[in-house]
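Numbering that gives the first Met the number 0 numbers the first residue of the sequence shown as 0 and each following residue consecutively. Here a beta-carbon is modelled for each residue, glycine too, at the ideal position from N, C-alpha and C. Values in this document were obtained by computation on a predicted structure and should not be read as measured data. Everything on this sheet refers to the single structure shown next.
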Amino acid sequence: MRQVLFRAKELLRRPPVLVLAGALAAGGSALVFLPLFGVPGFELGLTLSIAVGLLGGGVGIAAVHQERRLLAGQAPGQAPEAPREDSPGRMAWRALAPALLLNLAVLVPPFLAATLYALVGTRCDPFSLVGFYPLLTLPSAVLSAVVGVFCGFATRRWGRAVLLYLGCFLVSAVPTAWPLVFGPQVYAFNHFLGHMPGPLYDEALSISSALLWFRLETLLIALAVLSLTVLCLDVPEARLRRPRVRAGALVLLGLVLVPILLLEAHGTDLGLRMTDEALLARLGGVRDTEHFQLVYPRGLPREKVERMARDLEFRYAQLARFLGAVPEGRIRVWLYRTDEEKQALVGAGRTQFAKPWLLELHINGREFPHSVLKHELAHVMAAPAGSAPFRVTTRLGVWPLMGVIEGLAVGADNAVQGDLTLHQWAAGMRRQKLAPDIRKLVGPEGFYQSAPARAYTLVGSFLRHLADTYGPDKLRALYAHADFQAAYGRPLDALATEWETFLDSLPLDEATVSRAFQRFRTGSLFSRACAREVALLQEEARDFLASEPQQALELYQRASRLQPQEPAFQLGQASALDRLERPDEATRVLAALAEQVKGQPSLEADVALSQADSAARRGNKEQARAFLERVLALAPSPEVTRTAQVKLAALESEARAGPIQSYFQEKHEELRLLRLATALEGTPKDPYLNYLLGRRLFQVDAPADALPHLSRALEGELPDALRREALRLRVQAAYLAGDCGTVRHEVGALPDYGPAFRAVTSEWAERCDFEDRHFGGPLVPRDAFR
């Protein structure tokens, strides 16, 4: 050990090594002042693994050159060491040990700095994701030291050794990049650099078994390289030559090669990589259409497959009109059952993604119509306008400009959310002073620096405005390199000002502006305290709420302490306290929260709705009524408004109270339906009960059964928000039941509820017309007319 410490000390006397070690230790420690780096977790671990993977080889090379000097007696205070023919293992170890020690030692200061910073400067738990730090950094440090020693012994010249190390690094990048570029996955593993799990939007991270297997393989590869070094090391020359028969090294090499080969052979099973062939075998189902190959999970009902196939062709036709051009070749769509299945197979569990250069997209199974399909398909269909090699908007062909890439997809989708159009949301955000500058969002960096909800909405509205105003040809010209001057003959600033003037001219009521604050109030991942830890706490709390409310309460309390400005965690506490039958405490939590959110109508409405639930559970109907009336007076989102109206109706009628309570609280779908149906036997024309039963039947894929109940609900007296929703549901249910005649009739007779409602309902009639032309009529479920 003394010799190892001596050699490490001598290494640090070399200026290049001292600079490398200092840069890693001091630079890593300084990172703790950046968002997300103030705890020893994923971000810090990934950055240090990249740094030590790139630079740590230089320490190994320097250690070999030092060993040669020591053998030659050139080091101060050292006599020449006689080389021994039978000690290649000892020579390799004498070079490796100090390099390994330094590579590991430089990882300690950043770890300690982050831990201390988290303990003293934040409320974050420094150990919530601490497992990522050693898993990412230590194997990279070991491998870089071993490969550096190998390269140092391979040649006597520094420059050649460094070039050889860079060559090894580039070789390692090939199996990392290949499945990312040519395969379906979005996660990445690299033995030198560590692991990237996928997009930033999946905030809740956890250590996967795939990461454990991969880091085991990294250590095995390090042992294999060390064994190869010993086999090839010529001790008198301190240089690698042809391999010699050395039993110990051969045995070690054989012992580590076997598990390495096994890990590689089972890479797709272990989650180390994914190929198209393996993914196709895992999912199993294939459906070809005119423009698509749909790969879906085997066992998916035939009707859902056919519905998805028709939806794909419909969206294709819509986007072809919007873009004015289509890609050549068939588009492949990968459909997954659940977020968990997609995470395990290709990464990005909660994030849908596309690979335009491959003409493919990956989406999770969701209710029809799929809420993200059109967005992801727009990425693929815009590929002909993008720049090589990835067929998206880039600067200099390399740096992707995400503001334009995502802006085109959001603008092409032009989705209605919460009864508001894309432009209305963008206008509301501007009036709440939450909108980032669009000029920065479409640049190289600004998009990632902003909260995703804000950035996506603004760039989508901007590019939709450009498309509607100037046409698809100029939009396609813009998509290649985001050169606004070349595409539109006007500078970005002038176009942005024109769009801002358009948004500011849109008529918005106070309720809409308030809802914009509620939707866009959350900042980016980088601006939220302890963001990764809070994401895990929130996920665990949701999982525990039904089964272990005490555990959920503690998790919500912890999340609330970390992000006290986020009301969702206090609402979660109140829900957990109610489940624990501690209503007085729940009331106090909600009362305190109500004071906190005063002046923010949408948040006030959410809190008042929870207060109404709490009062109703305590049997205080008058107080519950007052809270519900308060909710409606605040003019919240349509969803909250409808919920409050239904709950208020329950207070007005004993016949409604039981089934409506069951509707909101019962876990089993069968009991919800049974209690609503039983209640309707006594009051068959009750509009609220008919509305709820029709809604639930629609949601459980029984549209034909839902239609008569929705019609009876509309025959009675319903508040405007419920009537509007019942009309929308009736149009959609008629389409799903295969009754396009009713769809066209209903759409033609609908009242004018504004542009958002008109866009949503008229699309069902558009679908009917499309299916008449391309499929000979609508899809009729087999049980629609039983």
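Per DSSP, what kind of secondary structure is residue i in: helix, strand or coil?
i, result
"G193", "strand"
"Q564", "coil"
"Q184", "coil"
"L579", "coil"
"Q342", "helix"
"H773", "helix"
"A78", "Confidence in A78 is poor, its pLDDT being 45 and thus under 50, which makes the residue's placement too unreliable to answer from."
"V371", "coil"
"R766", "helix"
"S504", "coil"
"A7", "helix"
"S127", "coil"
"L419", "strand"
"D233", "strand"
"L395", "coil"
"S761", "helix"
"L239", "strand"
In the DSSP assignment, find the unbroken alpha helix (DSSP H) run with residue i in it and report its ends.
i, result
"F792", "Nothing can be reported for residue 792: it is not among the residues displayed for the chain, which extend from 0 to 785."
"A353", "Element bounds for A353: not the alpha helix (DSSP H) but the beta strand (DSSP E), F352 to K354."
"V403", "M401 to D412"
"R286", "Note, R286: premise wrong, no alpha helix (DSSP H); beta strand (DSSP E) at G283 to D287."
"I60", "F41 to L70"
"I259", "A246 to A264"
"R723", "D719 to L735"
"L99", "P87 to A104"
"Q599", "Looking at the DSSP string, Q599 is not in any alpha helix (DSSP H), and its letter there is neither H nor E."
"K432", "From DSSP, K432 is part of no alpha helix (DSSP H); its letter is neither H nor E."
For residue i, which residues in the same chain have their Cβ closer than 8 Å to its Cβ, ignoring the five residues on either side in sequence?
i, result
"L54", "L19, A22, L23 and S143"
"A172", "N189"
"P368", "D310"
"A678", "A654, R655, G657, P658, D685 and L688"
"G470", "G323"
Nearest to residue i by CA position, among the options, is which residue?
i, options, result
"W356", "F367, V379 and K373", "V379"
"A614", "E603, G158 and F626", "F626"
"A540", "L554, A528, T393 and V533", "L554"
"H821", "L279, P388 and G427", "Lying outside 0 to 785, the shown extent of the chain, residue 821 is not represented and no answer is given."
"R314", "N413, I259 and G298", "N413"
"F697", "L419, P686 and L709", "L709"
"W212", "L249, I259, P178 and V250", "I259"
"P833", "D577, Q423 and A248", "Residue coverage of the chain in this structure runs from 0 to 785, which leaves residue 833 outside it and unanswerable."
"A221", "P138, L249, A160 and G270", "P138"
"S205", "L95, E339, E302 and V146", "E339"
"L271", "R245, H464, L215 and A25", "L215"
"G346", "Q184, F516 and Y487", "Q184"
"V285", "L505, D467, D275 and R297", "R297"
"E375", "L318, L282 and G427", "L318"
"R695", "H667, L210, G681 and G715", "H667"
"F291", "R281, V304 and L299", "V304"
"D738", "L726, L706 and A758", "L706"
"P443", "A411, V397 and R453", "V397"
"A758", "Q537, G693, A573 and R727", "R727"
Can you find the residues in the same chain that come closer than 6 Å, C-beta to C-beta, to residue i, ignoring five residues on each side of it along the sequence?
i, result
"I404", "V391 and T392"
"N689", "H708, R711 and A712"
"R6", "P97"
"F321", "A411"
List the whole-angstrom C-beta distance separating residue i from residue j, where the pair is believed to meet the contact cut-off of C-beta under 8 Å.
i, j, result
"G193", "L45", "5 Å"
"P39", "V129", "5 Å"
"L650", "R624", "5 Å"
"A50", "L232", "Not quite, the Cβ-Cβ distance comes to about 29 Å (not below 8 Å), so this is no contact."
"Y752", "R723", "5 Å"
Among residues of its own chain, excluding the 5 on either side of residue i, which ones have a beta-carbon nearer than 7 Å to its beta-carbon?
i, result
"Q622", "A614"
"V371", "Q351 and I362"
"V730", "V742, E745, V746, T760 and W763"
"S636", "G417, R514 and S601"
"Y116", "V31 and G37"
"P383", "A324 and P326"
"P686", "A712, G715, E716 and L717"
"V779", "G737"
Which residue comes first and which comes last in the beta strand (DSSP E) that contains residue i?
i, result
"E359", "E359 to N363"
"L293", "F291 to P296"
"R331", "I330 to Y335"
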